[in-house]
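At the far end of the sequence shown sits residue 417, using this note's numbering, and the numbering has no gaps.
We put the beta carbon where it would ideally sit given N, CA and C, even for glycine.
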Amino acid sequence: MTTILPLLVRRRFNITLDEQLAKGAEESFKLFISLSLLLLAFCMVRAQGDYRGAEDIVAREGTVMLKMDRAYESFATENTDALRVVLRSYAEHLVKDEWTLLSQGERAETATEDLRVLSTISKQLEPETAEQQVARSEIIQSVNQLNDLREARISASYVKLPTFYWYAICTALFFLTMFGWLQSPLSKLLTYVGGVTCGVCLMLTVLISTSGIFAGQHAVSADPIRNALTQMGTLDDGS
Numbered sequence: 179m180t181t182i183l184p185l186l187v188r189r190r191f192n193i194t195l196d197e198q199l200a201k202g203a204e205e206s207f208k209l210f211i212s213l214s215l216l217l218l219a220f221c222m223v224r225a226q227g228d229y230r231g232a233e234d235i236v237a238r239e240g241t242v243m244l245k246m247d248r249a250y251e252s253f254a255t256e257n258t259d260a261l262r263v264v265l266r267s268y269a270e271h272l273v274k275d276e277w278t279l280l281s282q283g284e285r286a287e288t289a290t291e292d293l294r295v296l297s298t299i300s301k302q303l304e305p306e307t308a309e310q311q312v313a314r315s316e317i318i319q320s321v322n323q324l325n326d327l328r329e330a331r332i333s334a335s336y337v338k339l340p341t342f343y344w345y346a347i348c349t350a351l352f353f354l355t356m357f358g359w360l361q362s363p364l365s366k367l368l369t370y371v372g373g374v375t376c377g378v379c380l381m382l383t384v385l386i387s388t389s390g391i392f393a394g395q396h397a398v399s400a401d402p403i404r405n406a407l408t409q410m411g412t413l414d415d416g417s
């Protein structure tokens, strides 16, 4: 579009551009090069910031799960032993079920049910000692945090680059293409415009590939939750 098409058209119809027109087009072309690269760089920084924010939420989820497991262990009753099993089930359902749904902004019902059980039964715990009282306080606090973090993670799955930025990028690329067609001579158009096009396309490709927080190769990983699950271990081995 930016190099081959105008090259063929101008050679086919033997079009010669006015020198002053070509100089003016070159100055405008330089302006829109800067504008396009600035927009793309800004959007890439914003997308990376959204990605880091989602990563932080997932890391905090893993930390809260470990904290809850230790609090359940400190409370040391049959109910909390059962809740530790549910907590592990919740982590597994997040990794296996919910993570694949986050790209669509959805949640797994299996994880929702586990979290409901954790919340309901944890609030019904009745401490009998001072140690259990402290453990119960940590459990309730952790359950509330886990609910909040899950909602924050699901909300983050909806975060996308605002539409008006894409409009601005498309407009800048349109004028970049239009003024590129007016470059003269043809040898300059082929190298100058072609090189700029390759650079802009590279940045645009990176932006598109990083715009999905929970989709594609750039998707936020569930590794912090997997690591928490590994550290919690299984109740059968005495962990």
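For Leu213, collect the residues of the same chain with a Cβ closer than 7 Å to its Cβ; drop the 5 residues on either side in sequence, then sort them by chain order.
Taken in chain order, the residues that qualify are Ala350.
Going by the beta-carbon positions, is the gap between Ser300 and Asn325 smaller than 8 Å?
In terms of Cβ geometry, Ser300 and Asn325 do not form a close pair [threshold 8 Å].
Using a 10 Å radius around the Cβ and a threshold of 16 neighbouring Cβ atoms, would you call Asp259 buried or exposed?
Asp259 comes out exposed.
Do you know how far the Cα of Glu270 is from the Cα of Arg404?
The straight-line gap from Cα to Cα measures roughly 8 Å.
What is the rounded straight-line gap between the Cα of Ser206 and the Cα of Phe357?
The straight-line gap from Cα to Cα measures roughly 7 Å.
Measuring only the C-alpha atoms, how far is Ala232 from Trp359?
Roughly 42 Å between the two C-alpha positions.
Nearest CA to the CA of Ala289: which residue from Gly394, Ile332 and Val384?
Residue Ile332 is the option with its Cα nearest to Ala289.
Relative to the C-alpha of Ala330, which residue among Leu407, Val263, Arg190 and Glu284 is closest?
Here the closest residue by C-alpha is Glu284.
Identify whether Tyr370 lies in helix, strand or coil by the three-state DSSP scheme.
In this structure, Tyr370 counts as helix in the three-state DSSP scheme.
Relative to the C-alpha of Gln178, which residue among Gly373, Ser389, Asp196 and Glu306 is closest?
Residue 178 is absent from the structure shown; the chain starts at 179 and stops at 417.
Measure the alpha-carbon distance for Arg328 versus Glu204 and round it to whole angstroms.
As the crow flies, the alpha-carbon of Arg328 is around 52 Å from that of Glu204.
Gln395 and Leu244 closer than 8 Å at C-beta:
Cβ distance not < 8 Å, so Gln395 and Leu244 don't count as in contact.
Would you call Tyr250 buried or exposed, if buried means 16 or more other Cβ atoms sit within 10 Å of its Cβ?
Buried: at least 16 other Cβ atoms inside 10 Å.
Do Val337 and Asp234 have their C-beta atoms within less than 8 Å of each other?
No, Cβ-Cβ distance for Val337 and Asp234 is not below 8 Å.
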